[in-house]
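J.: For reference, the structure I am asking about is given below.
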Amino acid sequence: MLIETLARPRRWLTLPQELLAIGRLIAARRFEEAIYVGLPIDPGSGSAHPQTPISITRKAARIAEAGKVPPTDGMATDQQRRLEDAARLAIAKSRDLPEARRQQSVGMRPALVVDTHIGVVRSGYTRRTQALRQALGDLGTTTAEISRDGVLDREVLRIDGSIAECRDVTSSNNLSAFTANLADEIEQAAIEMQASLLHAASNHALGFATLSAARRLGIPFVYELRGLWHETRAALRPSYRGTLGFTAQENAELEVAAAADAVLANGDGLAAWLSERNCDPDQVSIVHNGIDPTLFEDLENAQAVRQKFALGPEPIVAFAGSLTAYEGLEDVVRAMAKLQSKSQLVLAGDGPAGDAAERLARESGVKLHRTGMLPQAEAFAILAAADIVPIIRPDTPLTRYVAPLKPVEAMAAGAALIVSDLPALSSHTDEGRGVTVPPSDSEALAQAMDVLLSDKDRRLRIAQRGQAWAHEHRTWKQSALTIQSVYDTIL
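Everything in the sequence shown is counted per our numbering, starting at 3 for the first residue and increasing by one.
See below:
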């Protein structure tokens, strides 16, 4: 901009206005980030509000970043509404709910209300939904699916994958309006499908809208806590922790869980998170991540995998999944650099942390192969061909409480597992089923990898124990049995 201004002196006249506009945008984004409460509209895509003086926005941002409620004087109306939503949850911790009705008739089937359909996004969240519905169906419990997919500025409601409703969401970018509109749509969909209960999965915005719909219909409501979205955001953007929006999201999750007829927790860690925050443990059932054993049959053999992805003869260290900052991929590269080319690293997936890991690998002389996102069968084949799968997450609240799918899938594929010594991960390695190392300790990881790569018999024993345990104790059928028992209890 400076070079262009010097070359065109007339632009000097507009430079102050341009700088003011940039400053207003930066202040507005800081403010929106500090009061973000988990809606699909990301504050990073928000725009500045010319009608709000920049001094007011900057002051409000500083106060909200400190977890306090700034004054609303002089703010644009939509900014005020979003601030009021965050303040209500962060301070008052409760919202008005429809009065519960007595159920007039019994519906035909449970309806799962989820954030995204697997036909739109393939992730651990959508794969869990698909697997649980399939396993419940195999047990004789047919379910419907209502999914909410945010696509740019549109909100799409799907029933069993087919679009049922599509609307503009720019007019409902505050939490109150968003959940009210979504509750109406969920209620109508539940009536049409004759839902016997509504079972919503994270996050709280979807949960509250589903809870409202269930109360109006007089049918039971189940809330499934699959993760902590505010902790995920804080893991990627540390400045978000402690903001008004962070506190609001945490309180909102607890509010929805407390109002539910039953709560399902994705693993022991999230059950502990709820218990530590005074959620009634008698209301909580643990529904672990699982596997479908049939998906690990007839996978391509290791030789075919090496040929397909042009891998060398060295032992394979593999990771399959989203390449994010909290997966500790750079720690894996640093550990492998200490082993002086005893192995090669395969990253099957996409994400922002992949580039950083690749750069570090080049600098460190580590042989790294990136496959990009793969079909599930190919990703499982890479895990089956791997000698070691390290799940080396750093120590954060997110990684302590939230259990990923990755460990159980690696074990089911027959790879030797190394994980960070964190509650959400270390239980997988009990009784010799894997190895734990301190989080973010590349030296300890290098030593553990060296031991397993040097001792094939030990590596195979660990892999075989882990595989047998996963196929016996961590299947989607077992998870579905837990859900079916909860349904039977509250219906």
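A virtual CB, placed ideally from N, CA and C, is assigned to each residue, including glycine.
Can you give me the Cβ contacts of T245 inside the same chain, cut-off strictly under 7 Å, excluding the 5 residues immediately before and after it?
T.: The answer, listed in chain order, is A36, A66, E67, G69.
J.: Under DSSP, the alpha helix (DSSP H) around F210 begins and ends at which residues?
T.: Per DSSP, F210 belongs to the alpha helix (DSSP H) from 206 to 219.
J.: May I ask which residues mark the beginning and end of the beta strand (DSSP E) holding R279?
T.: It is not in any beta strand (DSSP E) - R279 carries neither H nor E in the DSSP assignment.
J.: How long is the line joining the alpha carbons of M413 and G314, rounded to whole angstroms?
T.: Between M413 and G314, the C-alpha separation is close to 23 Å.
J.: Taking the C-alpha atoms as reference points, what is the distance between D162 and A23?
T.: Spanning the two alpha carbons is a distance of roughly 45 Å.
J.: Can you give me the start and stop residues for the alpha helix (DSSP H) that H475 sits inside?
T.: Where H475 is concerned, the enclosing alpha helix (DSSP H) stretches over 458 to 475.
J.: A203 and E167 - do their beta-carbons sit closer together than 9 Å?
T.: For E167 and A203, no; Cβs fall outside 9 Å.
J.: Which runs of the beta strand (DSSP E) fall wholly inside the stretch 329 to 414 and span at least 3 residues, in chain order?
T.: 346 to 350, 370 to 372, 390 to 393, all fully within the stretch 329 to 414.
J.: Can you give me the Cβ contacts of L21 inside the same chain, cut-off strictly under 7 Å, excluding the 5 residues immediately before and after it?
T.: Counting only Cβ-Cβ distances below 7 Å, and skipping sequence neighbours, we find nothing.
J.: List the residues that DSSP assigns as beta-bridge partners of H201.
T.: In the DSSP output, where bridge partners are listed per residue, H201 has L114, V224.
J.: Sorted by chain position, which residues of the same chain lie with C-beta nearer than 6 Å to P222's C-beta, five sequence neighbours on each side aside?
T.: If we look at P222 and ignore the five residues flanking it on each side, its Cβ neighbours are L199, D263, I492.
J.: Measure the alpha-carbon distance for P42 versus Q251 and round it to whole angstroms.
T.: Between P42 and Q251, the C-alpha separation is close to 13 Å.
J.: Can you find the residues in the same chain that come closer than 6 Å, C-beta to C-beta, to T212, ignoring five residues on each side of it along the sequence?
T.: Result list for T212: V115, I188, L200, A202, in chain order.
J.: Whose CA, out of I193, H232, G271, lies closest to the CA of R217?
T.: Nearest C-alpha to R217: I193.
J.: Find the nearest neighbour of D397 within the set P440, R364, S287, E433, judged by alpha-carbon distance.
T.: D397 has its Cα closest to that of P440, out of P440, R364, S287, E433.
J.: With a cut-off of 8 Å, do at least 3 Cβ pairs link the stretch 316 to 334 to the stretch 378 to 389?
T.: The stretch 316 to 334 is in contact with the stretch 378 to 389.
J.: On the DSSP bridge assignment, give the partners of E147 in chain order.
T.: E147 pairs with L114.
J.: Per the DSSP calculation, I165 is bridged to which residue(s)?
T.: Answer is R160.
J.: Based on the DSSP secondary-structure assignment, which residues constitute the bridge partners of A418?
T.: I390, per the DSSP bridge assignment.
J.: Among the residues of its own chain, which have a CB less than 6 Å from the CB of L266, if the five just before and after it don't count?
T.: The answer, listed in chain order, is E226, S287, V289.
J.: Evaluate S214 with the Cβ neighbour count: other Cβ atoms within 10 Å of its Cβ, from every protein chain shown; 16 or more gives buried, anything less gives exposed.
T.: Burial call: buried.
J.: Touching or not, the stretch 266 to 279 and the stretch 88 to 99, by the rule of three or more beta carbon pairs under 8 Å?
T.: No contact exists between the stretch 266 to 279 and the stretch 88 to 99.
J.: Output the boundary residues of the alpha helix (DSSP H) element that contains A260.
T.: Segment 246 to 261, the alpha helix (DSSP H) holding A260.
J.: Who are the Cβ neighbours of T573 in its own chain at under 8 Å, not counting the five residues just before and after it?
T.: Nothing about residue 573 can be reported from this structure: the residues present for the chain run from 3 to 493 only.
J.: Between T373, W231, V453, which has its C-alpha nearest P399's C-alpha?
T.: When each option's Cα is compared against that of P399, the closest is W231.
J.: Looking at N291: is its Cβ nearer than 9 Å to the Cβ of P377?
T.: Contact flag unset, no.
J.: Taking T484 as part of the alpha helix (DSSP H), name the residues at either end of that continuous run.
T.: T484 -> alpha helix (DSSP H) spans 478 to 492.
J.: According to DSSP, simplified to helix, strand and coil, what is L154?
T.: Since pLDDT at L154 reaches only 46, below the 50 mark, its modelled position is unreliable, and the value read off the structure follows with that caveat. L154 falls in the coil class under three-state DSSP.
J.: I need the straight-line Cα distance from A259 to R32, nearest angstrom please.
T.: Approximately 30 Å, taken between the alpha carbons.
J.: Q19 to R26, Cα distance in whole Å?
T.: Between Q19 and R26, the C-alpha separation is close to 10 Å.
J.: For V453, name the three-state secondary structure that DSSP assigns.
T.: The answer is helix: DSSP assigns V453 an H, G or I state.
J.: Are the CB atoms of A418 and L349 within a distance shorter than 9 Å?
T.: No.
J.: Do Q469 and P416 count as a contact pair if the criterion is CB distance below 9 Å?
T.: Just to set this straight, residue 416 is Gly in the shown sequence, not Pro. Going by C-beta atoms, G416 is nearer than 9 Å to Q469.
J.: If I measure Cβ to Cβ from G209 and keep anything under 6 Å in the same chain, skipping five residues before and after, which residues do I get?
T.: So the list reads A202, Y225, V258, once near-sequence residues are dropped.
J.: Alpha helix (DSSP H) containing L184: first to last residue?
T.: Looking at the DSSP string, the run of the alpha helix (DSSP H) that includes L184 is 177 to 194.
J.: Could you check how far apart the C-beta atoms of D117 and R150 are, in whole angstroms? I think they sit under 8 Å.
T.: Their Cβ separation, rounded to whole angstroms, is 6 Å, which keeps D117 and R150 in contact under 8 Å.
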